[in-house]
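Residue numbers (full-length UniProt numbering): 1 to 135.
Ideal Cβ positions, reconstructed from N, Cα and C, are used throughout, including at glycine.
Note that the structure is predicted; figures quoted are calculated from it, not measured.
For reference, the structure discussed in these notes is given below.
Next up, the structure:
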């Protein structure tokens, strides 16, 4: 979310949040300059008056919720490409990555593994062993 927190010289603070489903732009200038722009839509503009930085962030989190930490594996290196013609080529890419000492946590196969590019299908000719491979 485009939210900014301003801390004044005396330590007081406030935060501003702008929610909009259209394209937005935030531009900062030397204090006290901030410009928030949107190309349209309904704008929800919220002010969190603090008065301390931690209170302003707490007020913001009461509206938005606290951030969630993704699963540990999702924070690691993920490899994907279009063009794996079969499971063996994908396995070779994984092996090559590990052989070069690059830690890899996730491997994607793009749409190559699908039967005629249909969602929730597996190409039984070229990727028939994929379910066993991911176990």
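Setting aside the 5 residues that flank it on each side, residue 53 is surrounded in the same chain by 5, 7, 13, each with a C-beta closer than 7 Å to its C-beta; the list follows chain order. Going by DSSP, residue 81 is part of no beta strand (DSSP E) at all; its letter is neither H nor E. For residue 9, the secondary structure class from DSSP, reduced to helix, strand or coil, is coil.
Residue 49 is classed as exposed because its beta carbon has fewer than 16 other beta carbons within 10 Å across all chains shown.
Residue 48 is bridged by DSSP to 15.
By alpha-carbon distance to residue 106, the top candidate from 86, 112, 97 is 97.
The residue among 113, 120, 117 with its C-alpha nearest the C-alpha of residue 128 is 113.
Counting only the Cα atoms, residue 43 lies some 36 Å from residue 78.
Per DSSP, the unbroken alpha helix (DSSP H) holding residue 56 starts and ends at 53-64. Take residue 28, set aside five residues on each side of it, and the residues of its chain with a beta-carbon closer than 6 Å to its own are 34, in chain order.
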